[in-house]
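Novice: This is the structure I want to talk about, given as structure tokens.
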Amino acid sequence: MNAEGGKSSEQRQIEAQVTTVAACGLPSGWVADVQRVDRFHWTRFLTDCEDHRVLGLLAESVRSGLVELEDWQRELFEDRVRPWLAHDLVVEASVRTVLGVLDAVGAEAIVLKGVALANSLYAEPSTRIFGDLDLLVRKGDFVRAAEALRSRSEE
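Quick note on the working numbering: the sequence shown kicks off at 546 and runs consecutively.
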């Protein structure tokens with residue numbers, strides 16, 4: 546932010562790059578030119594991509610050749626995206642566990658948002674970074690589901 550409370554031209558440029566990454570795969574002519582970004586702005590760019598959960602889309606852009614990175618950028622990027630990918634694997638394993646617990650007590654649930662979208666709408670699930678597990682449980686199954694999950698967590 547500048548002294549007047551508005552966004553600096555650098556921040557607007559970074560946001561434009563994040564928007565470009567978020568548009569990965571859409572029919573557009575946008576190509577992110579991130580090679581000219583210095584270390585400070587590259588770190589801010591990665592943070593913004595992380596905050597907006599588009600690191601996976603950036604990874605896809607890198608894999609597909611839409612975005613070319615210098616070695617130092619690739620190293621910082623991989624350091625940032627690797628923990629998210631590991632986290633997503635843990636969340637996906639948790640989905641299987643939770644659904645198994647709920648199924649065992651006859652409680653129906655639907656997986657929503659991140660995990661569901663990653664595995665149904667994206668050709669490569671790692672393109673969709675997610676932070677948590679969202680479930681929709683039928684009202685009549687809620688208490689039974691909560692008790693089953695609480696019992697499982699106490700084991």
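Each residue gets a CB set at the ideal place from its N, CA and C atoms; glycine is no exception.
Is the beta carbon of V626 sitting closer than 9 Å to the one on V566?
Specialist: no
Novice: Who are the near neighbours of R697 in its chain, counting only those whose CB is closer than 7 Å to its CB and skipping five residues on each side?
Specialist: V646
Novice: For a test of your reading of the model: does the CB of V688 fall under 8 Å from any non-hydrogen atom of the ligand ZN? Yes or no.
Specialist: In the structure shown, the ligand ZN is absent, as is every other ligand, since no ligand is present at all.
Novice: Quick check: what's the CA-CA separation for L621 versus L678?
Specialist: 27 Å
Novice: I want to know whether the stretch 681-699 touches the stretch 626-640 - three or more CB-CB distances under 8 Å.
Specialist: no
Novice: Determine the DSSP secondary structure at I655, reduced to helix, strand or coil.
Specialist: strand
Novice: For the beta strand (DSSP E) containing D703, list its first residue and its last residue.
Specialist: The structure shown does not extend to residue 703, since the chain is modelled only from 546 through 700, so no value can be given for it.
Novice: So, using beta-carbon positions, are I559 and D596 closer together than 9 Å?
Specialist: no
Novice: In angstroms, rounded to a whole number, what distance separates the CA positions of K552 and V563?
Specialist: 15 Å
Novice: Would you mind sorting G685 into buried or exposed? The rule is 16 or more other CB atoms within 10 Å of its CB.
Specialist: exposed
Novice: Start and end of the alpha helix (DSSP H) containing F585?
Specialist: R584 to D596
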